[in-house]
Amino acid sequence: MKTETNNNWRLLFTPDVDPYMNMAIDEVLTRKCIDSEDSTAAIRFYTWKEASCSIGYFQKIENVLKPPNDKIVPVVRRPTGGGIVYHGNDITFSIVKRRMQPGRQENITSFYKLIGESLLRGLERLGFTCTSYHPEDESHRSDKERKPLNGSLSHQSYCSETPAKYDIMIDGSKVAGYAARKSQGAVLCQGYLDVHERWNGQYKDSREKAINLIFENLAGSFKDIFGITLTSSQLTEVEMRSASELRDKKYACDEWNYRK
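Next comes the structure, spelled out in structure tokens:
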């Protein structure tokens, strides 16, 4: 198994992509990290073309959503775990990296800790007062409940309702969370950040400007905390073709999204 040896990572920003393509791109980047001789890790920030729901890999969709013909927004199953995330104004990110050397235990908790520290630093640079969630500290728990989407979603299944260690909290509410999946040769982590309602109207004045500012600050904090260099990159034509094919044959299909 190949291992991560290159500290120069790709940095990608793909705005306003449909939910199925977003998942397909992450899988293509993961496959490339495993299969390619150029094992460059990648951090991708992305937004959503339309309001969407993503569900965790292990969730039974019938427990949280109505049948397919009653869908209110597009629903896509992630390749990673976790609960329901409602996407609209959030910024989502993915990290793809090679796994450690054979025989060494991959410490996902330490990985989450680095991600949490990166988000904290980036948000603090933007003027937010936020904390990292620790289960033993009950003061972080939120009394607010996210309302079900027109009655079709069970709030107990929302990712935002169940903070985990190193998730990011503002005023007792979870604003960022993440989940990872280990494959044979790589780790894919997918996370979200939702702070648009807390940014004193700046998001409404210029959504694009606000997103770019968040993106730049988070990229800088990931670079500092992970001890890496980041090279701005675009998806190649080959990557886009592979992702488009994977989108149509997997992530946009009920066989994947409504699997038992």
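Each residue of the sequence shown is one higher than the one before, starting from 1 at the first, in the UniProt record's numbering.
Positions of the beta carbon are idealized from the N, C-alpha and C atoms, including for glycine.
None of these values were measured; they are calculated from a predicted model.
I'd like the span of the alpha helix (DSSP H) that includes residue i, first residue to last.
i      : result
PRO19  : 19-35
THR109 : 108-125
GLU255 : 254-257
Compute the Euclidean distance between the alpha carbons of residue i and residue j, then round it to the nearest angstrom.
i           : j      : result
PRO102      : ILE72  : The predicted position of PRO102 is uncertain, since its pLDDT is 47 and thus under 50; no value can be drawn from it.
ILE91       : LEU193 : 5 Å
ASP254      : VAL187 : 26 Å
ASP18       : TRP48  : 6 Å
LYS147      : ILE168 : Note that LYS147 scores a pLDDT of 34, beneath 50, so its modelled location is shaky; the value from the coordinates is reported in the next line. Answer to the nearest angstrom: the Cα atoms are 20 Å apart.
ARG198      : LYS223 : 25 Å
SER232      : ASN8   : 11 Å
SER173      : PRO163 : 9 Å
LYS249      : ALA41  : 25 Å
ASP16       : GLU50  : 8 Å
TYR251      : ASN22  : 9 Å
ILE115      : ARG259 : 30 Å
GLU117      : TYR166 : 8 Å
GLY56       : MET240 : 24 Å
GLU62       : GLN234 : 37 Å
PHE58       : LYS182 : 14 Å
ASN107      : PHE13  : 27 Å
LYS144      : ASP171 : Low confidence applies here, because LYS144 scores a pLDDT of 38, under 50, leaving its location unreliable; read the following figure in that light. One C-alpha to the other measures close to 11 Å.
PRO135      : VAL195 : 22 Å
SER154      : ASN6   : Only weak support exists for where SER154 lies, its pLDDT of 42 falling under 50; the value from the coordinates is given anyway. The alpha-carbon atoms of SER154 and ASN6 are separated by roughly 43 Å.
residue 325 : THR109 : Nothing in the structure corresponds to residue 325, since the chain is present only between 1 and 260.
GLU245      : VAL238 : 11 Å
TYR133      : THR236 : 37 Å
GLU27       : TYR46  : 14 Å
Provide the residue(s) that pair with residue i in DSSP beta bridges, ordered along the chain.
i      : result
TRP48  : VAL17
TRP9   : LEU230
ILE61  : In DSSP, ILE61 forms no bridge with anything.
VAL238 : Answer is none; VAL238 lacks a bridge partner.
ALA42  : ARG10 and VAL96
THR131 : MET169
Since I believe residue j is in contact with residue i (beta carbons under 8 Å), could you give me their beta-carbon distance rounded to a whole number of angstroms?
i      : j      : result
ILE25  : GLN184 : At roughly 20 Å, the Cβ-Cβ gap does not stay under 8 Å, so ILE25 and GLN184 are not in contact.
CYS53  : TYR86  : 6 Å
ARG99  : ASN257 : ARG99 to ASN257, Cβ: 27 Å. No contact.
PHE93  : ARG31  : Rounded, the Cβ-Cβ distance is 19 Å, inconsistent with contact.
CYS189 : PHE111 : 7 Å
TYR20  : ARG207 : Not really, about 23 Å apart at Cβ, beyond 8 Å.
VAL96  : LEU11  : Their Cβ separation, rounded to whole angstroms, is 12 Å, which puts VAL96 and LEU11 out of contact at 8 Å.
ILE214 : LEU126 : 7 Å
Where does the unbroken beta strand (DSSP E) through residue i begin, and where does it stop?
i      : result
GLY177 : 173-182
PHE222 : No beta strand (DSSP E) holds PHE222; the alpha helix (DSSP H) holding it covers 207-226.
GLY56  : Neither: GLY56 is in no beta strand (DSSP E) and is coded neither H nor E.
THR92  : 91-98
ARG77  : 75-77
TYR192 : 186-193
TYR86  : 85-87
ILE170 : 168-170
_Tell me whether the segment 73-86 and the segment 170-182 touch, counting them as touching only if at least three CB pairs, one residue from each stretch, are closer than 8 Å._
yes
*the segment 209-223 touching the segment 120-127, judged by at least three CB pairs closer than 8 Å*: Under the 8 Å Cβ criterion, the segment 209-223 counts as touching the segment 120-127, having at least three qualifying pairs.
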